[in-house]
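Notes to accompany the following structure.
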Amino acid sequence: MTRLAAPSLGSAELSVWRVRMTPGAQGPVHTVDREQVWTVTSGVLEFTVGERTGTAAAGQAVTVPAGAVRRIRAARGAAKGAAGTGDAGTEAEALVAMACGATVEVAGSGERIRLPWAE
Numbered sequence: 001m002t003r004l005a006a007p008s009l010g011s012a013e014l015s016v017w018r019v020r021m022t023p024g025a026q027g028p029v030h031t032v033d034r035e036q037v038w039t040v041t042s043g044v045l046e047f048t049v050g051e052r053t054g055t056a057a058a059g060q061a062v063t064v065p066a067g068a069v070r071r072i073r074a075a076r077g078a079a080k081g082a083a084g085t086g087d088a089g090t091e092a093e094a095l096v097a098m099a100c101g102a103t104v105e106v107a108g109s110g111e112r113i114r115l116p117w118a119e
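Using the UniProt record's numbering, count along the sequence shown one by one with no gaps and you end on 119.
Written out as C-alpha cells, the structure reads:
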C-alpha cells in the first residue's frame, strides 16, 4: 500500500492509496466501515463482495459499500477482465479512495483497527 492522499498528507476528507498485488495474491476477508472506490490501473482484480464475485480490469472501477464483507485478489492465468481487456497474468494495481477515518475488521478477529496508509 502506498499512501497518496490522507490526513497526514494534508487531506481533510479523503484518503487515496495505491495497491499492488502479484498474480494470485489476496487480501483477507474483511469489512470496512466506509464506502470504497477501487479503480484498476493495470492487470485484473477479482472482487468478492458478500456472495458475489466479479472481476475488473484496467480502466474499470468497483464501488464496495460500507460494511460489506469483501476479499480482493489479483487474478492469475490468461483470463481476460470483465471488459475482455487486461492480462490476468501480470501484476495488478489499483487506486483506492474512501472517506477519512475508516476502520477495518478482519473476519474472525473481533477487533476494529484503523488503516495506517489511510491516516
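For each residue, glycine too, the CB sits at the ideal point set by N, CA and C.
Contact annotation, residue 15 with residue 118: C-beta distance approximately 4 Å; criterion of less than 8 Å satisfied. One thing to note: residue 61 has its Cβ no nearer than 8 Å to the Cβ of residue 47. Annotation for residue 35: 63, 64, 65, 66, 98, 99 place their beta carbon closer than 8 Å to its own, counting only its chain and skipping 5 residues before and after. In this structure, residue 76 places its C-beta atom within 8 Å of the C-beta atom of residue 23. When DSSP assignments are scanned along the UniProt domain "Cupin type-2" (18 to 74), the uninterrupted stretches of beta strand (DSSP E) that are 3 or more residues long and fall wholly within it turn out to be 30 to 32, 36 to 42, 44 to 49, 52 to 57, 61 to 64, 70 to 74. In terms of Cα proximity to residue 41, the closest of 108, 94, 54 is 94. Counted as a single uninterrupted DSSP element, the stretch harbouring residue 76 is not any beta strand (DSSP E), since DSSP gives it neither H nor E. Spatial neighbours of residue 4 in its own chain (CB-CB distance under 8 Å, excluding positions within 5 residues in sequence) are listed in chain order as 16, 17, 18, 95. Residue 72 and residue 45 do touch by the CB rule: their CB atoms are close to 6 Å apart, below 8 Å. Inter-residue distance for residue 112 and residue 33 is about 10 Å (C-alpha atoms, whole angstroms). In this structure residue 69 is in contact with residue 50, their Cβ atoms being roughly 6 Å apart against a cut-off of 8 Å. For the options 11, 13, 74, 9, the alpha carbon positioned closest to that of residue 38 is the one of 74.
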